[in-house]
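Following: one structure in structure tokens, then a few remarks.
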Amino acid sequence: MSSEGSAGVLRPWSDQDDLADAITRLLEARPGGRLDLAECLAVARRIDRNDEDSWYREWMQCADTMRAAAGGALKEGQLQTAFRKWSRAVDCYEAAACPLSGSRSRQTVVLARMRECARDFLRCAEPQGEVVTIPWRTDYPLEAYFLPAPGDGRRAPTLICIGEPGRRKETSLFRLAAHAEQRGLALLVVDLLGAGPDCRFEEIVGRRDLESAIASVTDYVTSRDDVDEARIAILADDWSSSFVARGIALDPRYAAAVCDAGLWDIHERVFLSRRLAASERGRMSIASDGLAARQIMCPLLVTVPERGWLRADIAARLIAQIKREHPDITLKIFPGEGADSLEADVFVFDWIARRLAESPRRPG
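The sequence shown maps to residues 1 to 364 in the working numbering.
Structure follows, in structure tokens:
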């Protein structure tokens, strides 16, 4: 896609960052789910800037059309086409959910339809996938999608994908499913939005113990008889906190991990320290920088976009410091402003597959 064409789509939304970001994600998403320039232009031209409901209405119409096309392709036995249409429908539903100030009723409708796309795919996957509920907090279980590894049903190496706060598991499922299948991995994707038709995430997003969810998810995965508990990897989908790094610190059950290594926490501490008075700054400890990464017991991969919220040279310096105490940590810097490209996903999955192949297999 040309930069001029992309800029043309984004220009009307240049004063609304959340809507411009939503369109950018549609244009730059995985190849199977990415809307091409013509499709984005067609939707964008129909949106009336003077009608606050127009954004939601047009993207929902586009998503519903994609979902209907997926159903038609499935009836004709064209599973790969159906997969691409479901994937694109999920991306459009996610766009419809912006801006974040949209009503709860609309958010509920969007989430329900995204889940329906995922469930339709899981039902026709081979082997068939599952929707599972994972106990976490007493009144707040987690919902996840599990795709068994291809093969004869033996215990398989498994990847847990945890959606960072605000990330939806449906987008992760469609982006990562083929990568896992190609490498013989079982895949579990989970987010923090909870189970059921309503999004209750705002009830727990500010909690200081979000990382406790990770242990609950891993407890579930290790309880399955089709998972090799000696070969489990974990992937934090996106960077919007360090809760995955904190959650896997001191937990010996992972054979490999892909996360921010606690860099987000370091970034936040430095940001806050610069806004404190000199007397207060002295009482704020920076000595624990990288503590989570130093406590993680398994091989660790950190991926950073060349132009992102954290400068690549700063990330390299921090990882070099952490490497003194955690030698098996790898930093990969990808060109551009995001690490959500096909190139990044292939690199991450190849790294995970190598690490899991190096781990001793559980007999049986």
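Glycine included, each C-beta is placed from N, C-alpha and C at the ideal position.
Cut-off 7 Å between Cβ atoms - residues of its own chain near residue i, not counting five sequence neighbours on either side
| i | result |
| --- | --- |
| Asp219 | none |
| Glu306 | Ala312, Ile333, Phe334, Pro335, Gly336 |
| Ser359 | Ala230, Arg231, Ala255 |
| Trp59 | Val43, Cys92, Ala95, Ala96 |
| Leu310 | Leu263, His267, Val304 |
| Arg183 | Phe349, Ala353 |
| Phe347 | Lys332 |
Proximity of residue i and residue j at Cβ, strictly below 7 Å
| i | j | result |
| --- | --- | --- |
| Pro157 | Asp228 | yes |
| Cys117 | Arg67 | yes |
| Pro299 | Ala230 | no |
| Ala195 | Thr133 | yes |
| Pro150 | Glu181 | yes |
| Gln295 | Leu250 | yes |
| Val217 | Leu235 | no |
| Phe164 | Asp238 | First, the residue type needs correcting, since residue 164 is Glu and not Phe in the sequence shown. Yes, the Cβ-Cβ distance between Glu164 and Asp238 is below 7 Å. |
| Ala112 | Cys92 | no |
| Pro135 | Pro127 | no |
| Ala245 | Ala320 | no |
| Phe146 | Leu176 | no |
| Ile160 | Val110 | no |
| Ala82 | Ala73 | yes |
| Gly166 | Glu211 | no |
| Pro252 | Met297 | yes |
| Leu356 | Ala233 | yes |
Residue i, DSSP secondary structure in three states
| i | result |
| --- | --- |
| Arg137 | strand |
| Ala144 | strand |
| Arg231 | strand |
| Gly71 | helix |
| Ile322 | helix |
| Ile329 | strand |
| Glu181 | helix |
| Asp237 | strand |
| Leu193 | coil |
| Glu76 | coil |
| Ser103 | coil |
| Ala125 | coil |
| Leu176 | helix |
| Leu41 | helix |
| Arg49 | coil |
| Glu268 | helix |
| Leu210 | coil |
| Arg361 | coil |
| Asp64 | helix |
| Ser242 | coil |
| Arg113 | helix |
| Ser223 | coil |
Nonlocal neighbours in the same chain, by C-beta distance under 6 Å from residue i, ignoring five residues either side
| i | result |
| --- | --- |
| Arg154 | none |
| Lys323 | Ile329 |
| Trp55 | Ile47 |
| Ser242 | Asp260, Gly262, Trp264, Asp265 |
| Glu325 | Arg294 |
| Val205 | Pro165 |
First and last residue of the uninterrupted alpha helix (DSSP H) at residue i
| i | result |
| --- | --- |
| Val90 | 79 to 96 |
| Ala249 | Segment: none, Ala249 is in no alpha helix (DSSP H) and carries neither H nor E. |
| Glu358 | 342 to 358 |
Residues near residue i by beta carbon distance below 8 Å, same chain, minus five either side
| i | result |
| --- | --- |
| Ala315 | Leu263, Val302, Val304, Leu331, Ile333 |
| Asp226 | Pro148, Ala149, Gly153, Arg154, Arg155, Ala156, Ala186 |
| Ser288 | Unreliable positioning characterises Ser288 in this predicted model, as indicated by a pLDDT of 44, which lies under 50. The coordinate reading is nonetheless provided below. Correct list: empty, nothing qualifies. |
| Ser172 | Cys161, Gly163, Val189, Asp191, Asp237 |
Limits of the beta strand (DSSP E) - the one that residue i falls within
| i | result |
| --- | --- |
| Cys161 | 156 to 163 |
| Leu188 | 186 to 190 |
| Val205 | Neither: Val205 is in no beta strand (DSSP E) and is coded neither H nor E. |
Opposing strand residues paired with residue i [DSSP bridges]
| i | result |
| --- | --- |
| Phe334 | Pro305 |
| Ala118 | Answer is none; Ala118 lacks a bridge partner. |
| Val217 | In the DSSP output, where bridge partners are listed per residue, Val217 has none listed. |
| Glu170 | Answer is none; Glu170 lacks a bridge partner. |
| Ala312 | Partner(s): none; Ala312 has no beta bridge. |
| Ala256 | Ala233 |
| Glu130 | Phe146 |
| Leu300 | Ala257, Ile329 |
Chain C within 7 Å of residue i, Cβ atoms only
| i | result |
| --- | --- |
| Arg317 | The displayed structure is made up of one protein chain only, and chain C is not part of it. |
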